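Quick note, the sequences are listed as chains U and H, same order.
With the working numbering, the residue at position 245 of the first sequence is 343, and numbering never jumps.
With the working numbering, the residue at position 186 of the second sequence is 232, and numbering never jumps.
Even for Gly, the Cβ is constructed at its ideal location relative to N, Cα and C.
Bear in mind the structure is a predicted one, so any value in this text is a computation, not a measurement.
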Amino acid sequence: MRTLRNVFRRKTRAVLTIVGIAIGVLALVVMGSVAEKLQLLVDGGTAYYADKVIITDGSTFAGFGMSPISADVLVDAEKIDGIERASVTLNFLLDDDVQMMSMGTPPMVDATDFRDEGYEDFVTPVAEGRALEAMDAGKVAVGADLVQQLDAEVGGTVEIRGRSFEVVGIHERTLSAPDSTVRMTLADAQDIFIETLPDSVAENLEVEDLATSIVLFPEEGLDPDAMVDVVAEELGDSYNVQGPAGFEQLVKEPLQIFNYLIYTVALIALIVGGLSIINTMTMSVSERTREIGIRKAIGATRGAVMRQFIAEAALIGLLGGLLGLALGAASVFGANGSDLYGTSELFLLTPRLALGSVAFSLVLGVLAGLYPAWHASRLSPVEALRYE
Amino acid sequence: MANALSLRDVTRRYQLGKDNYIDALRGVSLDVETGDTVAIMGPSGSGKSTLMHVAGGLDVPDRGEVWVGDTRIDTTGDRRLAAIRSQRIGFVFQGFNLLNTLTALENVALAGEYAGLGRRASTQRARELLGRLGLGERLRHKPAELSGGEQQRVAVARALVNEPSVLMADEPTGNLDSANSADIIGLLSQINQETGMTLLLVTHDLGVASACHRRVEMLDGHIVEAEPVAS
């Protein structure tokens, strides 16, 4: 209580300092929430890519594009020594024109030939209804983030690219890519996909031969990354062959740099706030020189004086941290609730980020208070008492 | 009787600027017996406040020895010195020196807390003391809401809260009118008589000094005269 009273002795100054810290923490919370969300997406991707080799068209960028590839490749791929299973996958954007640039993953259609059943460990659980099955022509299972956009409910119908589909299930929220994915059978997806291709491309393709990637599951005990070269050599140059290491190199490392940048910017904002605490506390110590002299005259030790001023600085840090967290949480939940950044949620405010932000600003307060408190504790009682 | 305070050949020089010194104490020796009341007198700049600061552990001499009872305090560290100021010396100042943001009760209790008494016990003792000094109705008032005489009573209560062996007062009536001055001096004499607490009083005022058993006259950092007050 006394510490609180001392901090708010100069109300405007205290409030301005606290707001300064709060802005830093707000930046840390909001930017950190983006980083946490992206991290989760990448973790999901890492888990997905961990056990497989993926073949895409050689002209696609880095193996994540959506250029058509012949499903026939599967037959050759499955003959390769060390490959136990191959499965055809077809992915394309859910909407034909992506109006909004999404920071997360854009809404996608995902289809497989179900040959991956029993091999694919990365299965999205179902929250309502049931999972999509091989014979579910004209049916879909919808990712959690798309329920609202598609107005989906189990047993109802949704419209995708001008066609109606019955919803058999809604997936559990994973906070990663499957949340913005609609799963349908390969045949349904091929019917839609062929229409999206330019005529010159489409007329050379058979609809049942359409795929965007072939997923290979190596035999147990074999390193997928080691299989990448084997598969590439067998299939020739016209394909892009990618293993888990490729994904890490392409996505994980750039994301790490992005995360460092995000946190650096937020930390700079906080350090500026920390400097304002030092400024506030230094002024406070200088204004209260006489008070420090009185306290020492009546028996305060250096330690007691230091503790008092550090506690005041720490309280400024803590209040700034809590205010910043409140503002940050409001921004993050507000932005997630709106469709400002597309349908998938861009921000993820994790408990560790929330606690970490407040703890960081508290520690910052303590550190910022150290020098002014040390200076206060070193004042000679006689000189401090003479101070007017 | 044992000495409550002893100074042996104490010097204290202050540096005001480059090559500009003030010799506030130039080899001062003084013994104050337990239970005695001593008035330190002299013109401004004669070193009487410095004498009190050094004797009370607020300042450290450049040379010489300072004893509080049987404890030598001029060579002791900051923590011990703070403990001596807290538990064995009580200070009363001319400008009252109360903390403006704290109530009368909190001001007095704070000294108890610094002595390690705990907040509850300190507050209890502070309440009793203020009650005895006639401020039972003014506990929750801040210094700005109290008269000068009341503020100085709070300061006296604060000085007494840890039952020190020596009470040091630097011009305690300097900011008070004559009625309040007489009141405070009467209070200090009464404490001395009732508890046997040693009293060291720095003053310009002969009337105040006459309440003491002994008078020490200072000039230019020296004690020029130390004599019992004629009774």
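Check the Cα spacing between D219/U and each of M282/U, A457/U, V266/U, A145/U: the tightest is with A145/U.
Shortest Cα-Cα distance from A148/U to any of I119/U, A287/U, F190/U, Q340/U involves Q340/U.
CA-to-CA, the gap between A300/U and F190/U works out to about 15 Å. In the DSSP assignment, N66/H falls within the unbroken beta strand (DSSP E) covering 66-79.
Taking every protein chain shown into account, the CB of D214/U has 16 or more other CB atoms within 10 angstroms, so this residue is buried.
Uninterrupted beta strand (DSSP E) stretches at least 3 residues long and entirely within the stretch 218-304 of chain U occur at 224-227, 237-240, 255-258, 261-269, 279-283, given in chain order.
Under the three-state reduction of DSSP, Q140/H is assigned to coil, being neither helix nor strand. Within chain H, not a single residue places a beta-carbon under 9 Å from that of A133/U; the smallest gap is close to 43 Å. Excluding residues up to 5 positions away in sequence, V254, A257 lie with their Cβ nearer than 6 Å to the Cβ of I231/H in the same chain. For Y358/U, the uninterrupted alpha helix (DSSP H) run begins and ends at 351-385, by DSSP. Boundaries of the alpha helix (DSSP H) around L139/U: 109-147.
Using a Cβ-Cβ cut-off of 8 Å, T399/U is close to D124, R125, A128, A129, Y160 of chain H, given in chain order. Residue contact with chain U for A215/H: absent (no Cβ-Cβ distance below 9 Å to any residue of chain U).
Pairing A474/U with G415/U gives a Cβ-Cβ distance that is not under 9 Å. Around the CB of T362/U, fewer than 16 other CB atoms lie within 10 Å, so the residue is classed as exposed. Within the stretch 376-399 of chain U, the residues whose Cβ lies closer than 9 Å to some Cβ of chain H are R388, E389, G391, I392, R393, K394, A395, I396, G397, A398, T399, listed in chain order. Per DSSP, reduced to three states, the secondary structure at P449/U is helical. Of the residues L483/U, L172/U, Y485/U, R405/U, the one whose Cα lies closest to the Cα of D211/U is L172/U. Contact with chain U is found for S132/H, since one of that chain's Cβ atoms lies less than 9 Å from the residue's Cβ.
Contact annotation: P276/U and D174/U have beta-carbon atoms that are not nearer than 9 Å.
No residue range can be given for D307/U, since it is assigned to no alpha helix (DSSP H) and is classified by DSSP as neither H nor E. For chain U, the residues of the stretch 155-186 of chain H that bring a beta carbon within less than 8 Å of one of its beta carbons are L156, A157, Y160, A161, in chain order. The stretch 146-153 of chain H and the stretch 112-122 of chain H do not touch, with fewer than 3 CB-CB distances between them shorter than 8 Å.
Put simply, the stretch 50-62 of chain H touches the stretch 71-84 of chain H. At least three CB pairs are less than 8 Å apart. The alpha helix (DSSP H) runs lying completely inside the stretch 311-343 of chain U and spanning 4 residues or more are 322-333, given in chain order. Here the stretch 413-430 of chain U makes contact with the stretch 366-379 of chain U; the two share three or more CB pairs at distances below 8 Å.
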